[in-house]
Every structure is written in C-alpha cells, then in structure tokens.
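What follows is a single structure, written as structure tokens, with notes after it.
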Amino acid sequence: MITPNEFISKWKLIWEEDLIKLSAESLCDIDIDEDAKRFLIEAGLPDSAAPELNFVEGLPSICEQYGLPEEYGNYRYMGFTGWGDPVCLSLNNGFIVHLDHEEDFEYETFINSSIPQLAESLLAYAQFIKETQKENGEDAFFDNNIPDRLKTWIAEEFERIDPRILEGGFWLTELENLDEEE
C-alpha cells in the first residue's frame with residue numbers, strides 16, 4: 027500500500043494541484059482506521075481528480091451534510107462524484123463508497139477498500155490519462171483513443187491496488203466505459 031509521502035511525491039509529478047490535508051483534531055472523534063487517519067493528516071486527497079471526483083475538507087457526517095436520518099450516521103462525507111452523488115467513508119468497514127442521491131441515498135456503490143487504496147487508485151488513473159495523452163495527443167483520453175496496452179495496464183494496476191475493484195462498483199464501471207465506442 028502506498029505511504030502518504032510516496033503519494034505526495036508521485037501526485038506532484040503528475041498534477042500541480044495541492045492536496046487537502048485534515049487536522050488530527052478534526053479526526054480525533056471519528057472512529058476510523060489509524061492508517062486512514064494518518065493518510066488524511068499527512069498526505070490528504072486532491073480537491074478534484076479524474077474521473078470526476080471532488081473532495082472536501084473535513085469528514086462531516088452525511089446526516090449533517092444532507093439532512094439525512096440517523097440511519098445514515100455511519101457515513102462520513104468526503105466529497106461528490108460528477109453526477110452529484112456523495113462520496114463517503116463507511117464507518118462500518120472503512121470502504122469508500124458513493125450513495126445514489128437520485129435513489130434517496132439507498133444504493134451504495136463501492137469505490138475502494140480504504141483511503142490509501144483510493145489515493146493510489148486516483149494516482150494510477152491520473153498516470154493512465156497522462157500516458158494516453160503522451161502517446162496519442164492531448165484529446166486522446168476524451169476521444170477514447172486509448173491504446174489497448176494502457177487499458178490492460180490500468181486494469182492490472184487496479185487489481186494490484188485493490189482486488190475488490192474488479193468485483194464491481196465505481197472503478198469497474200470506469201474500466202468498462204473505456205471499451206465503449208465514442
């Protein structure tokens with residue numbers, strides 16, 4: 027698993043965007059894994075990252091953020107997808123998920139098994155986009171002009187980073203979308 031310092035170094039080589047770090051004080055009352063806390067304090071996450079993920083400061087309860095009933099109290103709000111679905115840390119298992127806002131937040135879609143694995147997946151996807159652009163031009167990724175070997179590489183990277191990705195969810199959908207014709 028990637029360390030906070032490795033993530034910072036590698037992220038800055040690809041994107042100039044600063045990372046949002048959280049304070050230890052903001053996390054002291056939240057029951058999450060120590061590796062996740064350390065990662066959020068030392069490295070943080072980007073404000074935004076492909077594919078259409080946005081992150082915010084803090085980890086407020088999804089109940090506070092969206093006025094949801096206490097049955098959603100085990101979700102901490104991290105940000106949102108390009109479709110407006112909240113990206114959350116599940117306190118039940120440490121998974122990163124997004125909740126479908128169009129279905130009254132009843133459906134949870136898996137993103138990653140942990141915060142460090144999310145960060146490493148974002149980094150791999152950013153590298154994937156940069157390599158695609160380097161090989162086939164600035165618009166290559168958006169034109170879906172992606173070399174097959176890079177599609178294979180990102181799938182293998184995701185499997186190495188977090189094997190659950192290939193069982194279904196957010197990243198698997200992204201991989202499947204790479205094979206759709208423009």
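Per my numbering, the very first residue in the sequence shown carries number 27; after that it's consecutive.
Glycine included, every Cβ here is placed at the ideal spot set by N, Cα and C.
DSSP state of Y133, grouped into three classes?
As a position in the sequence shown, residue 133 is number 107, starting the count at 1. Three-state result, Y133: coil.
Which of the three DSSP states is assigned to T29 in this structure?
Stepping through the sequence shown from its first residue, residue 29 is reached at position 3. Residue state, collapsed to three classes: coil.
Restricting to Cα atoms, I'd like to know which of E60, T178 and G120 is closest to A50.
Within the sequence shown, numbered from 1, the residue matching residue 50 stands at position 24. Checking every option, the nearest Cα to that of A50 belongs to E60.
Residue burial classification, N119 (beta-carbon count within 10 angstroms, cutoff 16)
What you label residue 119 is simply residue 93 of the sequence shown in a count that begins at 1. Classification of N119: exposed, given that the 10 Å Cβ count is below 16.
If you draw a straight line from the alpha carbon of Y103 to that of Y92, how long is it in whole angstroms?
Counting from one through the sequence shown, the residue named residue 103 turns up at place 77. Counting from one through the sequence shown, the residue named residue 92 turns up at place 66. Taking the straight line joining both Cα atoms gives about 9 Å.
If we count the other Cβ atoms within 10 Å of its Cβ and call it buried at 16 or more, is D188 buried or exposed?
Position 162 of the sequence shown, counting from 1, holds the residue named residue 188. Classification for D188: buried.
Have a look at F81, H127, F106 and N162 and flag the residue whose alpha-carbon is nearest the alpha-carbon of L48.
In the sequence shown, residue 48 corresponds to position 22, counting from 1. For L48, the nearest C-alpha among the options comes from F81.
Going by C-alpha to C-alpha distance, which of E193, D73, D169 and Q143 sits closest to D205?
Taking the first residue of the sequence shown as 1, we reach residue 205 at position 179. Closest by alpha carbon: D169.
Counting beta carbon pairs with one atom in the segment 136 to 150 and one in the segment 182 to 201, are three or more of them shorter than 8 Å?
yes
Work out the CA separation of N162 and L53 for me, nearest whole Å.
The residue labelled residue 53 in the question sits at position 27 within the sequence shown. The residue labelled residue 162 in the question sits at position 136 within the sequence shown. Answer to the nearest angstrom: the Cα atoms are 43 Å apart.
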